[in-house]
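Numbering of the sequence shown is given in the numbering used here, commencing with residue 3 and proceeding in unit increments.
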Amino acid sequence: MDSEGVLISVIHEHLYYSRKSLFVHLHCFKYPPPEVIDISKTHHHKLTLLKKRVKDFECAAKCGKITGYEFPYICHECDLAFHVDCVWHTSEVKHPLEVNHSYHPWHPLKLHTGPLPDYSDGKCRLCSREIDVDLFYHCSSCNFTLDMCCVLNPPQLSLLNLKAHDHQLTLLPRLRSFTCNACGLTGDRSPYICVQCDFMIHQDCLDLPRVININRHDHRISRTPVLGVVNSVCGVCRQEVDWTCGGFSCHRCPDYVVHSKCATRYDVWNGKELEGVPEETEDIEPFVVIDNTIQHFSHKEHYLRLHVNGVICDDNKRCRACTHPICLESFYSCMDCDFIFHQNCAGFPRMKRHVLHNERLTLITNKSDYFRCHACDRWSNGFRYYNWLKTLDVRCASISEPFFHPSHFGSALYYTSANEELCCNGCKEKSYHVLRCIELNCGFAICFNCATMPQVVKHRTEDHPLSLCYGEKASGKYWCDICEEETNPETWFYTCKDQQASLHTNCVLGDFSGLMPKTTIEYEQKYFEVVLNNGITRPICRWCNLHCIFPIIVKKHATYDKYYCSMFCMTHPIYLKHDF
3 MDSEGVLISV IHEHLYYSRK SLFVHLHCFK YPPPEVIDIS KTHHHKLTLL KKRVKDFECA
63 AKCGKITGYE FPYICHECDL AFHVDCVWHT SEVKHPLEVN HSYHPWHPLK LHTGPLPDYS
123 DGKCRLCSRE IDVDLFYHCS SCNFTLDMCC VLNPPQLSLL NLKAHDHQLT LLPRLRSFTC
183 NACGLTGDRS PYICVQCDFM IHQDCLDLPR VININRHDHR ISRTPVLGVV NSVCGVCRQE
243 VDWTCGGFSC HRCPDYVVHS KCATRYDVWN GKELEGVPEE TEDIEPFVVI DNTIQHFSHK
303 EHYLRLHVNG VICDDNKRCR ACTHPICLES FYSCMDCDFI FHQNCAGFPR MKRHVLHNER
363 LTLITNKSDY FRCHACDRWS NGFRYYNWLK TLDVRCASIS EPFFHPSHFG SALYYTSANE
423 ELCCNGCKEK SYHVLRCIEL NCGFAICFNC ATMPQVVKHR TEDHPLSLCY GEKASGKYWC
483 DICEEETNPE TWFYTCKDQQ ASLHTNCVLG DFSGLMPKTT IEYEQKYFEV VLNNGITRPI
543 CRWCNLHCIF PIIVKKHATY DKYYCSMFCM THPIYLKHDF
């Protein structure tokens, strides 16, 4: 044997060491995996053990496990990689029927396939993962079970991880209830402990990051061993935080704290550790003030002047950012052209964070194509916030926490989770993207579409502006004067000044309410003009052959009678086949 590869000593009870600084687990040393393996039942080529560690590769067995650096089996012909234990689960490799494990020295562990005993809790004693019943080791005398990962690659008995704690940590491989000092949650087995500090930590909390950005807060947050903010709530889940445990806090906002597990959720954090990375310093201000006017970055050629008295719902005066009419609101207008902004829309920052995306979003103002908002599902060709494939219109992107809506007076709403589908109080439809009340036993929630509906609109059926009504308990039948069909008064609807009308919100707004009139959109290499439906007579839709009832419709470019009232009618495949 090559002297450089001679194994010369045993350390940490279960690791062998060579002069090449190669660490080999005792189990792997006694039962080394074969260099080439044939699992023809699962994969049609032979697999070769790669003698080079690879980090976080995608296992072709679709196991979903991320195990850090390890030596995978690879298929050179297909360019695939497998975890060693995933290959062993699917192969005909002979495993030892018994193993003597360093964390269970009293009895040998026996190889099992099939269901776990009834008395087992179904979890690995060391890592607490659910046991894969296809292959595991078990001691019936002690009710001690290990999954294949912990047999092949057991956690270290002791380690020095300064990111987690200042002193050396020791594994306590037994069932024991404890509270993790890093995340504040309870555990029931095998923590790492520091005796001199009475410190305990989950194994999966050892690698918590130090400095990160989350989509709930504008500043970076840093991990701290003791939060120290009494009577505080988590900035993500809105639940109480144990101030004596570790978590994340903001150096700029002293009262802002987040649970460790909440801060590192997949839908909150982008997975990037920022310790030692310079902080972003881009200029995100959207305009500069010049005397009594402003110069907005999207309209640098002219100055804009503020008008504090809004006009009364003029369809021809529409905000370039949100595309909605200027209606009883303060606005900026250009001194030299017809460019116009709501005052609030003019203040949207050039970059921002949002609860629906883990990366910063950039305000896009120079595109004329239309898009579908990821939050509310509406179509628009106004300004948008964008990053990669996620696009939000400016109304949805402007929602931040705490969010207050007049339909739920007095209590703030929060976006707490992307994993729970809730029923919206406005439209009575279920959605994953909802803002909810966190008060006990309240249950109020609204989707982003309802949260951003305009409070006041103008429609041709009524002389007065229409106001959004948040539903009511009523008997009898309600009718919509626009579509002439029955309405459900318990859902939100628009009503006029005398409270005699109950108009469907969709009838008042329509599919194209987010498109700017007098613009052109393209679909399937065909061009359509966005027009106001404000003529003396309502045109007939080319597809559904009904009078167009919505306030904004589209017309095929360079025609005089090819109108379409909805996105369905414009994009219907039969229409595309016969009409062009």
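Ideal Cβ positions, reconstructed from N, Cα and C, are used throughout, including at glycine.
A quick note: this is a predicted structure, and the numbers were derived from the prediction, not measured.
Are there 16 or more other CB atoms within 10 angstroms of the CB of residue i, so buried, or fewer, so exposed?
i    : result
D316 : exposed
I205 : The question names Ile, but residue 205 is Gln in the sequence shown. Burial call: buried.
C1   : Residue 1 cannot be examined here, being either before or after the span of the chain that is shown, 3 to 582.
N547 : exposed
P280 : exposed
Y416 : buried
W494 : buried
R212 : exposed
I76  : buried
R254 : exposed
Y121 : exposed
S288 : The question names Ser, but residue 288 in the sequence shown is Pro. Classification for P288: buried.
H78  : exposed
L505 : buried
R662 : Since the displayed the chain opens at 3 and closes at 582, residue 662 lies outside it and no answer follows.
C80  : exposed
E132 : exposed
L391 : exposed
T115 : exposed
G124 : exposed
Y434 : exposed
N311 : exposed
Expressed to the nearest angstrom, what Euclidean distance is found between the alpha-carbon atoms of residue i and residue j?
i    : j    : result
Y297 : I366 : The sequence shown places Gln at residue 297, not Tyr. Roughly 17 Å separates the two Cα atoms.
P491 : R374 : 29 Å
S419 : N102 : 44 Å
C449 : C378 : 7 Å
N163 : D209 : 9 Å
L538 : I551 : For the record, residue 538 in the displayed sequence is Ile; it is not Leu. Rounded to the nearest angstrom, the two C-alpha atoms are 13 Å apart.
L308 : H301 : 15 Å
I195 : L52  : 35 Å
C252 : R191 : 32 Å
P519 : I542 : 18 Å
R462 : G473 : 22 Å
G625 : R240 : With the chain covering 3 to 582 only, the question about residue 625 has no answer from this structure.
V228 : A184 : 8 Å
L113 : F138 : 6 Å
H47  : D149 : 27 Å
C264 : G237 : 9 Å
Y372 : C329 : 23 Å
C336 : D168 : 60 Å
P381 : F514 : First, the amino acid is wrong: residue 381 is Trp here, not Pro. Their backbone Cα atoms lie some 7 Å apart in a straight line.
L171 : L161 : 5 Å
Y105 : F201 : 21 Å
P117 : C126 : 14 Å
V197 : R267 : 30 Å
T573 : E488 : 27 Å
L49  : V38  : 6 Å
E277 : C429 : 44 Å
K319 : R386 : 20 Å
C485 : V533 : 20 Å
Using a C-beta cutoff of 7 Å, does residue i count as contacting chain B?
i    : result
V310 : Absent from the structure is chain B; it holds one protein chain and no more.
For residue i, which of the options has the nearest alpha-carbon?
i    : options                : result
Y388 : H221, H359, Y75        : H359
F411 : F446, Y417, L442, P351 : F446
S413 : E242, H344, C439       : C439
L470 : E303, C498, I484       : C498
F570 : I554, K564, H549, W545 : W545
S400 : K392, V436, K354       : K354
L99  : E132, H140, E72, C129  : H140
P193 : T521, H344, I203       : I203
N272 : D134, H356, E464, L306 : H356
Please tell me whether, using a cut-off of 6 Å, the distance from the CB of residue i to the nearest non-hydrogen atom of the ligand FAD is below it.
i    : result
M569 : In the structure shown, the ligand FAD is absent, as is every other ligand, since no ligand is present at all.
> When the Cβ atoms of the stretch 554-574 are set against those of the stretch 518-533, are three or more pairs found closer than 8 Å?
Replying inline: yes
> Does the pairing of the stretch 134-154 with the stretch 108-124 give three or more beta-carbon distances under 8 Å?
Replying inline: yes
> Which runs of the beta strand (DSSP E) fall wholly inside the stretch 333-367 and span at least 3 residues, in chain order?
Replying inline: 333-336, 342-344, 353-356, 359-366
> If you scan the stretch 234-285 from start to end, which runs of the beta strand (DSSP E) of 3 or more residues do you find wholly inside it?
Replying inline: 249-251
>> Threshold first: 4 residues or longer. Then list the alpha helix (DSSP H) segments lying entirely within the stretch 388-456, N to C.
In response: 396-399, 450-453
>> Closer than 8 Å is the cut-off here; do at least three beta carbon pairs connect the stretch 322-334 with the stretch 383-402?
In response: yes
> Contact between the stretch 345-361 and the stretch 214-227: three or more CB pairs below 8 Å?
Replying inline: yes
>> So within the stretch 131-170, which uninterrupted alpha helix (DSSP H) runs reach at least 4 residues, ignoring any that extend past its ends?
In response: 150-154
>> Runs of 3 residues minimum, wholly inside the stretch 474-542: which ones carry the beta strand (DSSP E) assignment?
In response: 495-497, 522-525, 528-534
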